[in-house]
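For the protein sequence lines, the chains are A and B, in the order given. Numbering-wise (the numbering used here), the first sequence opens with residue 615 and increments by one. Numbering-wise (the numbering used here), the second sequence opens with residue 615 and increments by one. So the structure is just underneath, and the comments pick up after that.
2 protein chains.
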Amino acid sequence: MTSAPGSPGDVLTLISAGSATTRSDLAKITGLARSTISQRVDALIESGLVEETESGESTGGRPPRQLRLHTEDHAFAGIDLGATHCRIALMDMSSDVLAECEDPLLIAEGPETVLAHVDRRLDELLERAGRPRAALRAVGMGVPGPVEFATGRPNNPPIMPGWNDYPIPEHFEGCAVFVDNDVNVMALGEHRNAYPGTRHLLFVKIGTGIGCGIVAEGTLHRGAQGSAGDIGHIRVSGHEDAGCRCGNSACLEAVAGGAAVARRLTELGIPAESGADVVALVQGGNTQALRLVREAGRLIGEVLASLVNFFNPEVIVIGGALSRVHEHLLAGIKETVYRRSLPLATHHLSIVPSRTGINAAALGAGILAIEHYLSPDNINRIVNA
Amino acid sequence: MTSAPGSPGDVLTLISAGSATTRSDLAKITGLARSTISQRVDALIESGLVEETESGESTGGRPPRQLRLHTEDHAFAGIDLGATHCRIALMDMSSDVLAECEDPLLIAEGPETVLAHVDRRLDELLERAGRPRAALRAVGMGVPGPVEFATGRPNNPPIMPGWNDYPIPEHFEGCAVFVDNDVNVMALGEHRNAYPGTRHLLFVKIGTGIGCGIVAEGTLHRGAQGSAGDIGHIRVSGHEDAGCRCGNSACLEAVAGGAAVARRLTELGIPAESGADVVALVQGGNTQALRLVREAGRLIGEVLASLVNFFNPEVIVIGGALSRVHEHLLAGIKETVYRRSLPLATHHLSIVPSRTGINAAALGAGILAIEHYLSPDNINRIVNA
Numbered sequence: 615m616t617s618a619p620g621s622p623g624d625v626l627t628l629i630s631a632g633s634a635t636t637r638s639d640l641a642k643i644t645g646l647a648r649s650t651i652s653q654r655v656d657a658l659i660e661s662g663l664v665e666e667t668e669s670g671e672s673t674g675g676r677p678p679r680q681l682r683l684h685t686e687d688h689a690f691a692g693i694d695l696g697a698t699h700c701r702i703a704l705m706d707m708s709s710d711v712l713a714e715c716e717d718p719l720l721i722a723e724g725p726e727t728v729l730a731h732v733d734r735r736l737d738e739l740l741e742r743a744g745r746p747r748a749a750l751r752a753v754g755m756g757v758p759g760p761v762e763f764a765t766g767r768p769n770n771p772p773i774m775p776g777w778n779d780y781p782i783p784e785h786f787e788g789c790a791v792f793v794d795n796d797v798n799v800m801a802l803g804e805h806r807n808a809y810p811g812t813r814h815l816l817f818v819k820i821g822t823g824i825g826c827g828i829v830a831e832g833t834l835h836r837g838a839q840g841s842a843g844d845i846g847h848i849r850v851s852g853h854e855d856a857g858c859r860c861g862n863s864a865c866l867e868a869v870a871g872g873a874a875v876a877r878r879l880t881e882l883g884i885p886a887e888s889g890a891d892v893v894a895l896v897q898g899g900n901t902q903a904l905r906l907v908r909e910a911g912r913l914i915g916e917v918l919a920s921l922v923n924f925f926n927p928e929v930i931v932i933g934g935a936l937s938r939v940h941e942h943l944l945a946g947i948k949e950t951v952y953r954r955s956l957p958l959a960t961h962h963l964s965i966v967p968s969r970t971g972i973n974a975a976a977l978g979a980g981i982l983a984i985e986h987y988l989s990p991d992n993i994n995r996i997v998n999a
Numbered sequence: 615m616t617s618a619p620g621s622p623g624d625v626l627t628l629i630s631a632g633s634a635t636t637r638s639d640l641a642k643i644t645g646l647a648r649s650t651i652s653q654r655v656d657a658l659i660e661s662g663l664v665e666e667t668e669s670g671e672s673t674g675g676r677p678p679r680q681l682r683l684h685t686e687d688h689a690f691a692g693i694d695l696g697a698t699h700c701r702i703a704l705m706d707m708s709s710d711v712l713a714e715c716e717d718p719l720l721i722a723e724g725p726e727t728v729l730a731h732v733d734r735r736l737d738e739l740l741e742r743a744g745r746p747r748a749a750l751r752a753v754g755m756g757v758p759g760p761v762e763f764a765t766g767r768p769n770n771p772p773i774m775p776g777w778n779d780y781p782i783p784e785h786f787e788g789c790a791v792f793v794d795n796d797v798n799v800m801a802l803g804e805h806r807n808a809y810p811g812t813r814h815l816l817f818v819k820i821g822t823g824i825g826c827g828i829v830a831e832g833t834l835h836r837g838a839q840g841s842a843g844d845i846g847h848i849r850v851s852g853h854e855d856a857g858c859r860c861g862n863s864a865c866l867e868a869v870a871g872g873a874a875v876a877r878r879l880t881e882l883g884i885p886a887e888s889g890a891d892v893v894a895l896v897q898g899g900n901t902q903a904l905r906l907v908r909e910a911g912r913l914i915g916e917v918l919a920s921l922v923n924f925f926n927p928e929v930i931v932i933g934g935a936l937s938r939v940h941e942h943l944l945a946g947i948k949e950t951v952y953r954r955s956l957p958l959a960t961h962h963l964s965i966v967p968s969r970t971g972i973n974a975a976a977l978g979a980g981i982l983a984i985e986h987y988l989s990p991d992n993i994n995r996i997v998n999a
């Protein structure tokens, strides 16, 4: 047990869920002593998390004062840093977007340049939303590489030169910062937006590389070292000649990622450099590109078939650049998963394209920040500070 | 939120953890009103879960009465049904074993015969432990086949004729019953006994077939349909000629399970029928058996390498009949996992033989029963009934 029952965090949860709107509601529901309720509520008001109004339904005597979240005194930012873009969503406590922006930005320019850009955009968004900088309570960020979640430091990220071990949270003064791998925040964004009632979901991002975000029992599964979901380097059969940047051969990413498909097209005399080029060729009706994307789907399906047997998810969401041609990709994936997984595990399984689309990462990063900030443990820490 | 903070379940947790030993401790820790505390404690005493003593440290006045779990009024049974055995451990609330037994028993004799045997043994064990049948609060059971955990009914179990959809819980009147797949209860038993502080653990059972129990964030991951961990039918490369009982080919179980290794030995002119025969041959120094067990380890390692990338566990425990020759099996497994998994995921990974041994399933089944019975939600249900 991490906190005593009836803590300020629990009280905030009751107010936030609408279960209690007055002090006497709280006393009735929790069984807490009146003096304890007063102490908890006063602390929440003092920290700006809750406000108490004068209005309320008349019950014959003086109308009871209503408790509600002090939404106006808060803002949360979800930041999606990709290899070549920056998207930011400014959100309120209820995950509603107050303002958002999107710019081209090279992550390879390094943390100082990139975070200075983020700062400028955050100030603009806060101004557009009419909230002071001090209202920014927490920031969530997704980056295209492995991150040690506990410290918010990237861990040898291959496409983020200058970022290794950089203490991202220290850059943002006065607010809580949560940094995670981009696929994890995409999985969280997709889950909370499109599948909030689903217990077990996999979000597979197929871009230049291939990665997977895992939602187990409704929460992100990061694994022991935070490397869970790194499925791009799982071996696929019959491709021993395909060398991978990791030093091994026959890795899924080396045969079915956007870069690998582009390379194979180039070898066939059809110039392509990236996943985006592959998508353009497929959309232009190039049959070789179409064939290779479907074949990539089959190889991804081979790996997913194993993971379906192991993890038994309810939903697999396909996202990332290549998912823009998802009909061909999904055809290949489904063909293999349904052939190779056990019937019990596939009977109710959905394999679907992302519904949240390009905003999944920014929204997911914002939700990551909001959920951590509003967790009872964190609220208790703030209120007791 | 599933229950109001400060519920009877929360109060029991505080008493059980030793955080509160008196009513005034409880009031202090929870902030609950005195009247609420009295109501909660009285309900717990009335349901036989808690007792209140007269003794206590003198603080000048009347010594405060001590609260503690009413251990003597409780017993829990962990039942391990295998293809050819029945083990039962009678346990108290603290998971200490009060009495245990082990018999040969064919699960294929069907539920009536098998459960009648279980009943007789339960009565004997309760008598040996000096507790009445009414003290038996909950039963946990592991069976060698898939189970719908919510209903406790086996789901098309291949080696349990007569058990399909049989309502096992209805057989045990007056106590809560939790039925699960044997690998899941083994994983739970091993985790709680040997690795209680480990967050993410895989328990791989290598017997006639191959299965896996998954502990994620300290709790069993059963997946959407309860089929998670069914790794015996994951495809391994280069064995398309090996047909499997599931109808596919190249399944892990069809090339590396105990029955598969025995069959290959027989083909080489060395008669063997089961995993136990294979173990005997290895222990007798048969070099072909030794070579095939190590090769089986490599194939199992190929699948585990993928799962390490995906799930990032801290510990992989190898159990089941073939693990009795674990040095050869583990050599093959480790060789492949360390070659094929990502360094970040294997840096702190332990791959070890089961420490809990043949008792893992019975202990795990008992722990399953105890944990579900003592969960705050269940306690609240009992106390409010």
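Heads up, the beta-carbon is just placed ideally off N, CA and C, and yes, glycines get one too.
Supposed close pair residue i, residue j - CB separation, criterion 8 Å
{"i": "B:V929", "j": "B:V966", "result": "7 Å"}
{"i": "A:A910", "j": "A:L943", "result": "7 Å"}
{"i": "B:L646", "j": "A:L646", "result": "6 Å"}
{"i": "B:A975", "j": "B:D796", "result": "5 Å"}
{"i": "A:L750", "j": "A:C789", "result": "5 Å"}
{"i": "A:E881", "j": "A:A874", "result": "Actually they are not in contact, since the Cβ atoms of A:E881 and A:A874 sit about 11 Å apart, beyond 8 Å."}
Where residue i meets chain B, residues with beta-carbon distance less than 9 Å
{"i": "A:A959", "result": "G837, A838, Q839, S841, A842, D844"}
{"i": "A:T650", "result": "T644, G645, L646, A647"}
{"i": "A:S661", "result": "Ordered by position in chain B, no residue passes the 9 Å Cβ test against A:S661, which lies about 18 Å from the chain."}
Where residue i meets chain A, residues with beta-carbon distance less than 8 Å
{"i": "B:I848", "result": "A919, S920, N923, F924"}
{"i": "B:R912", "result": "Within 8 Å Cβ-Cβ: nothing; B:R912 doesn't reach chain A, min ~13 Å."}
{"i": "B:L956", "result": "S841, D844, H847, C860"}
{"i": "B:S968", "result": "Neighbours of B:S968 on chain A: none; closest Cβ ~19 Å, over 8 Å."}
Contact check, residue i vs residue j, beta carbons under 8 Å
{"i": "B:A713", "j": "B:R742", "result": "yes"}
{"i": "A:S709", "j": "A:I993", "result": "no"}
{"i": "A:I828", "j": "A:G840", "result": "no"}
{"i": "A:V728", "j": "A:I721", "result": "yes"}
{"i": "A:A830", "j": "A:H814", "result": "yes"}
{"i": "B:V799", "j": "B:P783", "result": "no"}
{"i": "B:A562", "j": "B:F817", "result": "Lying before the first or after the last residue shown, residue 562 of chain B is absent from chain B, which here runs from 615 to 999."}
{"i": "B:I824", "j": "B:S937", "result": "no"}
{"i": "A:I643", "j": "A:L628", "result": "yes"}
{"i": "B:G623", "j": "B:D991", "result": "yes"}
{"i": "B:G724", "j": "B:P775", "result": "yes"}
{"i": "B:L683", "j": "B:V711", "result": "no"}
{"i": "A:E666", "j": "A:R679", "result": "yes"}
{"i": "B:A935", "j": "B:G883", "result": "no"}
Residues that residue i contacts on chain B, provided the C-beta gap is smaller than 7 Å
{"i": "A:E928", "result": "A838"}
{"i": "A:S863", "result": "Simply none; closest approach about 10 Å."}
Where residue i meets chain A, residues with beta-carbon distance less than 7 Å
{"i": "B:N795", "result": "Those within 7 Å of B:N795 in chain A number zero; the least Cβ separation is about 12 Å."}
{"i": "B:A830", "result": "A830, H835"}
{"i": "B:S708", "result": "Result: empty, since nearest Cβ-Cβ is about 17 Å, beyond 7 Å."}
Proximal residues of chain A, C-beta to C-beta of residue i below 9 Å
{"i": "B:H962", "result": "A838, Q839"}
Interface partners of residue i on chain B, CB under 8 Å
{"i": "A:L658", "result": "Result: empty, since nearest Cβ-Cβ is about 14 Å, beyond 8 Å."}
For this session: Check whether the stretch 944–959 of chain B touches the stretch 909–927 of chain B, taking contact to mean three or more Cβ pairs, one atom from each stretch, closer than 8 Å.
Result: By the Cβ criterion, the stretch 944–959 of chain B is in contact with the stretch 909–927 of chain B, since at least three pairs of Cβ atoms, one from each stretch, lie closer than 8 Å.
Exercise. What residues in the stretch 871–897 of chain B have a beta carbon less than 8 Å from any beta carbon of chain A?
Worked result: Taking 8 Å as the Cβ-Cβ cut-off, the stretch 871–897 of chain B has no residue approaching chain A.
For this session: Decide if the stretch 959–973 of chain A is in contact with the stretch 760–770 of chain A; the criterion is three or more beta carbon pairs, one per stretch, under 8 Å apart.
Result: no
For this session: Determine, using beta-carbon pairs with one atom in the stretch 678–698 of chain B and one in the stretch 742–761 of chain B, whether at least three such pairs fall under 8 Å.
Result: yes
For this session: With 9 Å as the limit, tell me which residues of the stretch 760–773 of chain B have their beta carbon closer than that to any beta carbon of chain A; keep them in chain order.
Result: Look at the stretch 760–773 of chain B: the residues with a C-beta under 9 Å from a C-beta of chain A are P760, N769, N770.
Problem set entry | Contact the stretch 883–900 of chain B vs the stretch 846–861 of chain B: 3+ CB pairs below 8 Å | no
For this session: Give, in chain order, every residue of the stretch 692–705 of chain A whose Cβ lies closer than 8 Å to some Cβ of chain B.
Result: none
Exercise. Name the residues in the stretch 985–996 of chain A whose C-beta lies less than 8 Å from a C-beta of chain B; which are they?
Worked result: For the stretch 985–996 of chain A, which is checked against every Cβ of chain B, not one residue is closer than 8 Å.
Exercise. Of the residues that make up the stretch 624–645 of chain B, which ones have a beta carbon closer than 9 Å to any beta carbon in chain A?
Worked result: Within the stretch 624–645 of chain B, the residues whose Cβ lies closer than 9 Å to some Cβ of chain A are D624, V625, T627, L628, A631, S633, A641, I643, T644, G645, listed in chain order.
Exercise. Quick one, which residues of the stretch 793–823 of chain A are near chain B if we go by CB-CB under 8 Å, in chain order?
Worked result: R813, H814
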